Structure formats: structure tokens, C-alpha cells
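Residue numbers (my numbering): 19 to 207. We treat Cβ as the ideally placed atom computed from N, Cα and C, and that holds for glycine. All of these numbers come straight from a predicted model, not from anything done at the bench.
Here you go:
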């Protein structure tokens, strides 16, 4: 559970750095001074927090594999629940920030931004957000595999749960379904 807590702290720290960098960029645009030293500190903080998130992603993936190997159903369930529900505000705030940025660029250019390569830049945060979905799904995937190993779900349901765990929004719905339907599991020895 400590890994999950550290991961959530890392994700929200990263989000805070993104918001802070946008505020400082806006301030610099208004005053005509972006503050060189501050910009580099922010770039360093953003890169550091992203590297930290990658490390936590690896730790959580390895931890979910170990829990699966040991058939530790309860820990897998707790970690899945905490991580999936803990990142909901992260994704909502992330979506709002980048949605507002796109609307700002769209309105400022009177729609001409669509005919430039700039909209492709918005795919970069979407890519990193999707990577976050993938690593937060490690416990959900492990949980589904434990249920399959214990013959509580069929192969078709396992494939469905794997697909749902790898999709935005559907991963949270799948987590709710898995948690509601599988409160306890009898682990065969």
C-alpha cells in the first residue's frame, strides 16, 4: 500500500508542476518576462517528477506481479482500489487543464489552429496520461488473472477485463465491477 501512496503523491506532484509551469508561463506572457532561472527550475522539476512517476510505475508493476505470483488476493484488491480511485481526480484535473488550453488556443486563433501542426502537441499529454492508465491497471490486470487462476471467471471475461482495464474511464468502471462482484476469494492451495 506504501507503493500506491507514493505513486499517488508523485502523480499529484507532477500535476502541480504542470499547473505551476502554466501559471508562470501565463505570467511571463502578460509581463513580457518569463524569468529564465525560474523556467529552468520548473523544467528540471517537471522532468524529475516524470522520471519519478516512471520509477513508481515500474515498482507497482513488479509489486502486482509479486502479489499475483503469491496469489495475495486481499493486497491486490486493496492496491487496485486505492490506485484506481485515487487517480480519478488526477485525470479529471488533467482533462480540464488540457481542454481549457486547447479552447484558449482555438479561440485565440479563431479556429485557424486546426490547420497547423500545433494540435498534435496536445497528443503528448494524452500519451503520458495513457501511460498512467496502463501502469495503474497493473493491479486490475493482476486481480483479473488471480480470479481466472482460481476459475472464478472464464477466459472470455478475463479478456474483457484486460481490455477494459486498458481504456480510459472504462478501467474505473471495470474496477468497480470487479470489486463489487468479488469481495472474497477462496485461494486454493
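Reduced DSSP category for residue i - H, G, I as helix; E, B as strand; rest coil
| i | result |
| --- | --- |
| residue 141 | helix |
| residue 201 | coil |
| residue 105 | coil |
| residue 173 | helix |
| residue 68 | helix |
| residue 184 | coil |
| residue 129 | coil |
| residue 79 | helix |
| residue 193 | helix |
| residue 134 | coil |
For residue i, the first and last residue of its enclosing alpha helix (DSSP H)
| i | result |
| --- | --- |
| residue 88 | Premise fails: residue 88 is in no alpha helix (DSSP H) and is neither H nor E. |
| residue 43 | 20-49 |
| residue 162 | 156-167 |
CB contact check: residue i to chain D, cutoff 8 Å
| i | result |
| --- | --- |
| residue 57 | You won't find chain D in this structure, because it holds only one protein chain. |
Sequence-distant residues of the same chain with beta carbon closer than 7 Å to residue i, five excluded per side
| i | result |
| --- | --- |
| residue 24 | 74 |
| residue 154 | 101, 102, 105 |
| residue 39 | 60, 64 |
| residue 188 | 182 |
| residue 32 | 67, 68, 71 |
Same chain only: Cβ atoms within 8 Å of residue i, ignoring 5 sequence neighbours per side
| i | result |
| --- | --- |
| residue 19 | 93, 96, 97, 100 |
Cβ-based neighbour list, residue i, same chain, cut-off 6 Å, excluding 5 preceding and 5 following
| i | result |
| --- | --- |
| residue 22 | 97, 100, 101 |
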